[in-house]
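Engineer: If you're matching positions, the sequence shown starts at 7 in my numbering and goes up one per residue.
Just so you know, even glycine gets a beta-carbon here, dropped at the ideal spot from N, CA and C.
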Amino acid sequence: MNIEDAQKQVDEWIQSHGVRYFDELTNMAQLTEEVGEVARIIARRYGEQSEKESDKEKDLGEELADVLFVVLCLANQTGVNLKDAFDKKLDVKAKRDHERHHNNPKLND
Numbered sequence: 007m008n009i010e011d012a013q014k015q016v017d018e019w020i021q022s023h024g025v026r027y028f029d030e031l032t033n034m035a036q037l038t039e040e041v042g043e044v045a046r047i048i049a050r051r052y053g054e055q056s057e058k059e060s061d062k063e064k065d066l067g068e069e070l071a072d073v074l075f076v077v078l079c080l081a082n083q084t085g086v087n088l089k090d091a092f093d094k095k096l097d098v099k100a101k102r103d104h105e106r107h108h109n110n111p112k113l114n115d
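1. Can you name, in chain order, every residue of its own chain whose Cβ lies under 6 Å from the Cβ of residue 17, other than the five neighbours on each side?
2. Just verifying my parser: in three-state terms, what is the DSSP assignment at residue 88?
3. Is the Cβ-Cβ distance between residue 33 and residue 89 less than 8 Å?
4. Return yes when the Cβ of residue 76 is within less than 8 Å of the Cβ of residue 31, no when it is not.
5. Give the C-beta separation of residue 69 and residue 43 to the nearest angstrom, bearing in mind that I take them to be a contact with Cβ-Cβ under 8 Å.
6. Please classify residue 28: does DSSP put it in a helix, a strand, or coil?
7. Starting from residue 10 and walking both ways along the alpha helix (DSSP H), at which residues does that stretch end?
8. Could you round the C-beta distance between residue 78 and residue 21 to whole angstroms and report it? I think they count as a contact, below 8 Å.
9. Looking at residue 113 and residue 107, is the spacing between their C-beta atoms short of 8 Å?
10. Rounded to a whole number of angstroms, what is the C-alpha to C-alpha distance between residue 57 and residue 51?
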């Protein structure tokens, strides 16, 4: 599936299973909550915090998918074509960061 298809699928899901999109501020709060759940898994599973038994069953992929779903909702409701935006962002990053990472001694150990 590509990004445009994902945006369409989310819109179809909202139309068939939801009443409407939550407003943008509610979705922004929801996105913050979902990113926090990803951060908790990363911090405890890969970072220095100990992982609680209740956290061991949490699925990082599922939480990342929750983040993606809300990002797609926000894009749809604000009229952002994520494919176009992502393509532009990759172009900017390629031009801006082309040498930056190769010259970073922290990455070249």
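Structural biologist: Considering the structure as presented:
1. In the sequence shown, counting from the first residue as 1, residue 17 sits at position 11. Excluding residues within five positions, the ones whose Cβ falls inside 6 Å are 82.
2. Counting from 1 along the sequence shown, the entry for residue 88 is found at position 82. It is helical.
3. The count along the sequence shown starts at 1 and reaches residue 33 at position 27. The count along the sequence shown starts at 1 and reaches residue 89 at position 83. Against a cut-off of 8 Å, the Cβ pair of residue 89 and residue 33 comes out as no contact.
4. The residue given as residue 31 occupies position 25 in the sequence shown. The residue given as residue 76 occupies position 70 in the sequence shown. No, they are not a contact pair.
5. Here residue 69 is taken as the residue at index 63 of the sequence shown, counted from 1. Here residue 43 is taken as the residue at index 37 of the sequence shown, counted from 1. By a beta-carbon distance limit of 8 Å, residue 69 contacts residue 43. Their separation comes to about 5 Å.
6. As a first step, residue 28 must be located in the sequence shown, where it is residue number 22. In the structure shown, residue 28 sits in coil (DSSP, three-state: anything other than H, G, I, E or B).
7. The sequence position of residue 10 within the sequence shown is 4, counting from 1. Element bounds for residue 10: 9 to 23.
8. Residue numbering aside, residue 78 sits at position 72 when the sequence shown is read from its first letter. Residue numbering aside, residue 21 sits at position 15 when the sequence shown is read from its first letter. Residue 78 to residue 21, Cβ: 14 Å. No contact.
9. As a first step, residue 107 is located in the sequence shown; it is residue number 101 there, counting from the start. As a first step, residue 113 is located in the sequence shown; it is residue number 107 there, counting from the start. Going by C-beta atoms, residue 107 is nearer than 8 Å to residue 113.
10. Numbered from 1 along the sequence shown, position 51 holds the residue referred to as residue 57. Numbered from 1 along the sequence shown, position 45 holds the residue referred to as residue 51. Roughly 6 Å separates the two Cα atoms.
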